[in-house]
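For the record, in the sequence shown the residue sitting at position 78 is 333 according to this note's numbering, with numbers rising by one throughout.
In this text, a Cβ means the ideal position worked out from N, Cα and C, and glycines have one as well.
The structure under discussion appears below in the form of structure tokens.
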Amino acid sequence: MVVSNPRHFLSLSDWSREEVEGMLARAAELKALRGRGVRTESLAGRSILLYFEHPSLRTHVSFEIGIAELGATSVVLPPEQVRIGEREAVEDVARVLSCWCHALVARTHSHRLVEDLARSARVPVVNALTDRAHPCQALADALTMREAGGLREGRLVWVGVGNNMTHSLIALAGALGLRLTVSTPEACRPDPELMQAGTERARREGGEILYEPDPRLAVRDAAFIYTDVWVSMGEEGRVQDRHRVLAPYQVNADLVDRAPPDVKILHCGPAHRGEEVSADVIDGKRSLFYEQAENRLHAQKAILESVIGVS
Ligand code: NVA
């Protein structure tokens, strides 16, 4: 299975506004079709590899189900079986897998590894989370925020640690020209280069990305407040003292009360109640936690159709 110039989905910053809008529209269409019990089978006869170096609930299950619903076959390759870069060179692994598979979906700890796979693969590579980005989640979140109303005009406020999820929401805001405020402690700011590139692109697209270290000020005009775990997968044991500096960034009733009354709460999961978010907020009526999870399925089906191409 060799494709000339495969189109990878590693970051939303590589995709034009029209392409991202197209994927969102298709995700919404696939969701509606599924709701009516219509099967699309647009990828019938294709085989898609799934590779996860970190635990996964939403990504793994929603990709497997989405692949089946598109009529394709999934193969899960456990990392200990292949030991990329140790048992076999990354280039060889990517090229061999490209002989059989029509796309590779990879969750790798290091973003460099997913880039290396993409460089050598002859089929599209989809980033299923790295230490730098989580674009599948961000696309699904765009669908969730659109459904909730106010994606275009409403401000999205990130509260917590600057991490892979922040980077992908910055890239989303850049691609769609959204209004985004990032509120983190100084010591936990997102990558400055990604922040700058996203800010410039968002401005060109009619949006705005700001940094406001005080979460109480940041949420004042929020349509959406988004938070994530304070310690990401792979960071365990490497970061210390975060909980003390992050205590004022917990998304709890006190913080949410400073936002407009119709604010919605987002969290990519897994949620740690009592840490980055209080139980009453994540389980409350403003929370879109389960809508976000549901939309992973539809967004990822649209991503797979876009990168593989529908015949
Ligand atoms: N920032 C989190 C996201 C999990 C979906 C992590 O990388 O662990």
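In terms of Cα proximity to Ser542, the closest of Thr482, Ala280, Leu424 is Thr482. Glu531 and Gln547 do not touch by the CB rule: their CB atoms are close to 15 Å apart, not below 8 Å.
The DSSP assignment places complete alpha helix (DSSP H) segments of no fewer than 4 residues inside the stretch 351-437 at 366-375, 390-403, 419-431, in order along the chain. Annotation: Val562 to Ala358 spans about 8 Å, alpha carbon to alpha carbon.
Counting only residues of its own chain and dropping the five nearest sequence neighbours on each side, Val331 has a CB closer than 6 Å to the CB of Leu305. Assignment of Leu267 by DSSP, reduced to helix, strand and coil, places it in the helix class. If you compare the alpha carbons of Cys523, Gly529, Met488, Ser329 with that of Asn507, the shortest gap goes to Gly529.
At a threshold of 7 Å, Gln547 does not count as near ligand 1, since its beta carbon sits no closer than that to any of the ligand's heavy atoms.
Separation of Pro470 and Ala283 (C-alpha to C-alpha, rounded to the nearest whole angstrom) is 32 Å. Remark: the shortest separation between the CB of Asn382 and any heavy atom of ligand 1 does not fall under 7 Å. Each of Ser438, Ala327, Ala557, Ala393 was checked against the Cα of Asn419, and the nearest Cα belongs to Ala393. Contact between the stretch 355-373 and the stretch 261-273 is present: three or more C-beta pairs spanning the two stretches fall below 8 Å. Residue range 313-324 is occupied by the alpha helix (DSSP H) that includes Val316, with no beta strand (DSSP E) assigned at that position.
Here Ile537 is actually not in contact with Val511; their C-beta atoms are around 11 Å apart, not less than 8 Å. Contact between Val416 and Thr439 holds: CB atoms are separated by about 6 Å, below the 8 Å threshold. If you ignore the 5 residues before and after Leu427, its C-beta comes within less than 7 Å of the C-beta of Leu267, Ala393, Ala397, Leu433, all in its own chain and listed in chain order. One Cα belongs to Ser375, the other to Glu335, and the distance between them is close to 21 Å. Distances from the CB of Asp483 to the heavy atoms of ligand 1 include at least one below 7 Å. The beta carbon of Pro445 is closer than 8 Å to those of Gly417, Asn418, Thr421, His422, Ile425, Val437, Thr439 in its chain, skipping five residues each way along the sequence. Each residue's CA atom was taken as its position, placing Arg281 and Ala349 some 29 Å apart. Annotated as distal: Arg301 and Arg551, with beta-carbon spacing of 8 Å or more.
In the three-state scheme derived from DSSP, where H, G and I count as helix and E and B as strand, Arg528 is classed as strand. Around the beta carbon of Lys540, fewer than 16 other beta carbons sit within 10 angstroms, so the residue counts as exposed. Straight through space, the alpha carbons of Arg456 and Pro379 are spaced by roughly 25 Å. Not one heavy atom of ligand 1 lies closer than 7 Å to the C-beta of His498. By the Cβ neighbour-count rule, Ser317 is buried, with 16 or more other Cβ atoms within 10 Å of its own.
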